[in-house]
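Accompanying notes for the structure given below.
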Amino acid sequence: MSINPVPSQNIRNVLGERLASCCFDPITGFFRDGFCHTGPYDLGQHTVCAQMTSEFLSFSQQVGNDLSTPLPEIGFDGLQPGDFWCICVTRWKEAYDAGVAPPIKLQACHERALDFISLEVLRNYAI
1127 MSINPVPSQN IRNVLGERLA SCCFDPITGF FRDGFCHTGP YDLGQHTVCA QMTSEFLSFS
1187 QQVGNDLSTP LPEIGFDGLQ PGDFWCICVT RWKEAYDAGV APPIKLQACH ERALDFISLE
1247 VLRNYAI
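The number in our numbering is simply the position in the sequence shown, starting from 1, with 1126 added.
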């Protein structure tokens, strides 16, 4: 799996480098292109590339965003522990505050995540 974005993109990650891909299987990102970049229509700011854990999936379901149940009508197979997924930065922060924040792929986290979470905190969860 490539971790390099399309060369024409000049999108930065939280480290100030080119944004790396998060995951292509399952395909993730607000734009479903494998990257956690964002835009004006991404109201949730899906900028954090997180590795799913059973604790986080359970937490997310409890707060109203069930990521583990398949929805075949929209081509969503549901996520399992170990999968990578672009999640909303505020959901990651909620999970952090609750003590269940999942690990993250720093190179694949969009720089806008820094509007909500410090790099120091993010580094503590980097894999």
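Beta carbons: idealized from backbone N, C-alpha and C, even for Gly.
Distance between beta carbons of residue j and residue i, contact taken as under 8 Å
| i | j | result |
| --- | --- | --- |
| Pro1229 | Ala1146 | Going by Cβ atoms, the distance from Pro1229 to Ala1146 rounds to 15 Å, so no, they are not a contact pair. |
| Asn1139 | Ala1234 | 7 Å |
| Arg1217 | Asn1191 | 7 Å |
| Gly1204 | Thr1195 | 5 Å |
Enclosing alpha helix (DSSP H) for residue i [first to last residue]
| i | result |
| --- | --- |
| Phe1182 | Ser1180 to Gln1188 |
Other residues of its chain near residue i: CB distance less than 6 Å, five sequence neighbours each side excluded
| i | result |
| --- | --- |
| Ile1253 | Pro1229 |
| Ser1186 | Leu1193 |
Span separating the alpha-carbon of residue i from that of residue j
| i | j | result |
| --- | --- | --- |
| Thr1164 | Arg1144 | 14 Å |
| Glu1246 | Leu1232 | 11 Å |
| Leu1240 | Val1174 | 10 Å |
| Cys1214 | Gly1170 | 5 Å |
| Trp1211 | Phe1156 | 10 Å |
| Ile1243 | Gly1201 | 31 Å |
| Asn1136 | Arg1158 | 18 Å |
Residue i, DSSP secondary structure in three states
| i | result |
| --- | --- |
| Ile1213 | strand |
| Asn1250 | helix |
| Ile1200 | helix |
| Arg1238 | helix |
Close-in-space but distant-in-sequence residues of the same chain around residue i (CB under 8 Å, 5 per side omitted)
| i | result |
| --- | --- |
| Gly1142 | Glu1237 |
| Phe1182 | Ala1176, Ala1221, Val1226, Ala1227 and Pro1228 |
| Val1189 | Arg1217 and Glu1220 |
| Cys1148 | Thr1154, Gly1155, Gly1160, Phe1161, Cys1162, Cys1175, Phe1210, Trp1211, Cys1212, Lys1231 and Ala1234 |
Boundaries (first-last residue) of the beta strand (DSSP E) holding residue i
| i | result |
| --- | --- |
| Cys1175 | Val1174 to Gln1177 |
Check: residue i C-beta below 8 Å from any heavy atom of the ligand GDP
| i | result |
| --- | --- |
| Asp1192 | This structure lacks the ligand GDP; in fact it carries no ligand of any kind. |
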